[in-house]
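Single-structure report; data block below.
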Amino acid sequence: MSALMPTRSFRAPLQTDIPRHWLPANPALSAILNIYTVIVPSNEAFYIRTLARCLPSIEDPAQLAAVRAFIHQEAEHGVAHKRFWRVLDAHGYRYRTLERVVDALAFRLTERIAPLSLRVSMVSCIEHINAFMAHEFLRQGILADAHPEVRAMMEWHFAEEIEHKTVAFDVLRAISPGHAMRLAGWLSTTCLFYTLMTLGMLLFLAQDGALWRLSTWRGLWRHLGPGHNMARRTLRHLFAYLRPSFHPSRLDDRDLAEAVIARYSPPRGDWLAPSTRGGVRAADAPASTG
Ligand SMILES: [Fe+2]
Ligand SMILES: [Fe+2]
99 MSALMPTRSF RAPLQTDIPR HWLPANPALS AILNIYTVIV PSNEAFYIRT LARCLPSIED
159 PAQLAAVRAF IHQEAEHGVA HKRFWRVLDA HGYRYRTLER VVDALAFRLT ERIAPLSLRV
219 SMVSCIEHIN AFMAHEFLRQ GILADAHPEV RAMMEWHFAE EIEHKTVAFD VLRAISPGHA
279 MRLAGWLSTT CLFYTLMTLG MLLFLAQDGA LWRLSTWRGL WRHLGPGHNM ARRTLRHLFA
339 YLRPSFHPSR LDDRDLAEAV IARYSPPRGD WLAPSTRGGV RAADAPASTG
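Okay, so the sequence shown: first residue is 99 according to my numbering, each after it adds one.
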């Protein structure tokens with residue numbers, strides 16, 4: 099995978115005048131990405147705490163630099179998505195209790211009871227899910243009609259998920275290369291992630307008054323079925339992860355990430371800037387271990 103993983107801040111203002119239906123014509127997909135946004139900060143904090151625990155045991159300087167860059171990129175994602183919460187608040191959405199419960203039960207409790215190897219396996223699997231969502235959303239231009247600032251936030255996040263998609267998988271291979279641990283992480287993560295996303299989607303749709311509208315479910319059907327084919331594609335990506343020969347770099351989609359970063363960075367745009375929170379500059383980043 100890419101040798102360069104710079105850390106960037108997302109600078110679009112994300113003012114509260116962003117419309118409630120920032121992705122027109124598909125309230126279900128909008129609700130899916132709203133719950134994704136709600137879960138991102140605590141979920142990514144879980145990745146950060148998990149991989150930070152692995153740092154002392156990583157000896158390869160290239161892998162060490164890749165993990166540090168991963169941590170900084172994920173931290174910036176959490177900051178941007180949390181800024182977007184102001185928009186959700188402005189529209190009167192209630193989601194904070196759910197967010198706190200998810201953080202306490204899905205992430206903090208897991209951290210207490212699961213061994214580090216299983217937590218790394220879970221992070222590796224969710225990073226695969228993030229990376230194939232990024233691939234599909236960017237390749238199919240699914241956010242083309244979204245509000246420009248929200249589209250930029252999501253696409254920048256997706257681009258960086260592609261940039262760092264090998265990192266957690268390579269850490270898992272280093273600390274626990276057996277297939278059983280990969281399978282355990284896959285099982286727990288897919289069940290947890292899709293349950294949370296479904297419940298969250300229903301929560302947002304109910305608050306939109308869109309739960310019982312036929313058009314809502316038609317939109318979801320188009321996304322999962324004949325429109326974006328996400329059900330079939332998701333299953334294909336999920337099961338690909340279980341192949342013994344799987345490696346995230348086998349799906350080379352760096353072109354998608356590069357196009358997004360170029361679109362929102364100078365000279366074409368000014369919503370992405372080098373992070374001031376520290377991190378790995380492009381020129382300093384050694385080859386990652388993919
Ligand atoms: Fe992320
Ligand atoms: Fe990530």
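Beta carbons: idealized from backbone N, C-alpha and C, even for Gly.
**Q.** Distance between I273 and L216 (C-alpha atoms, nearest Å)
**A.** Rounded to whole angstroms, L216 to I273 spans 10 Å at the Cα level.
Q.
Quick check: A110 and M220, are their CB atoms within less than 9 Å of each other?
A. no
Q: Could you tell me the boundaries of the alpha helix (DSSP H) in which A160 lies?
A: For A160, the enclosing alpha helix (DSSP H) covers residues P159 to A188.
Q. Whose C-beta lies closer than 8 Å to the C-beta of T288 among residues of the same chain, with five residues either side of it excluded?
A. C223, I227 and L336
Q: Check the C-beta distance from A355 over to E225 and give it rounded, since I have them as a contact under 8 Å.
A: 14 Å between Cβ atoms; not a contact.
**Q.** Rounded C-alpha distance that separates L149 from I169
**A.** Approximately 8 Å between the Cα atoms of the pair.
Q) Using the C-alpha atoms, what's the distance from L270 back to R151? A) 12 Å
(Q) Would you say the beta carbon of N132 is closer than 8 Å to some non-hydrogen atom of ligand 1? (A) no
Q. Can you give the Cα-Cα distance for R237 and G190, rounded to whole angstroms?
A. Approximately 33 Å, taken between the alpha carbons.
Q: Using three-state DSSP, classify R106 as helix, strand or coil.
A: strand
Q. Got a sec? Which residues, its chain only, sit under 6 Å from A178 by beta carbon, not counting five neighbours each side?
A. F108 and M251
Q: Pick out whichever of T296, R331, I146 and R194 has its Cα sitting closest to the Cα of S128.
A: Comparing alpha carbon positions, the residue from T296, R331, I146 and R194 closest to S128 is T296.
Q | Helix, strand or coil at L270 according to DSSP, with G and I counted as helix | A | helix
Q: May I ask which residues mark the beginning and end of the alpha helix (DSSP H) holding A371?
A: For A371, there is no enclosing alpha helix (DSSP H); the residue is found in the beta strand (DSSP E) stretching over L370 to P372.
**Q.** Own chain residues within Cβ distance below 6 Å of R126, not counting five before or after
**A.** It is Ala, not Arg, that sits at residue 126 in the sequence shown. The residues are T314, G317 and L318.
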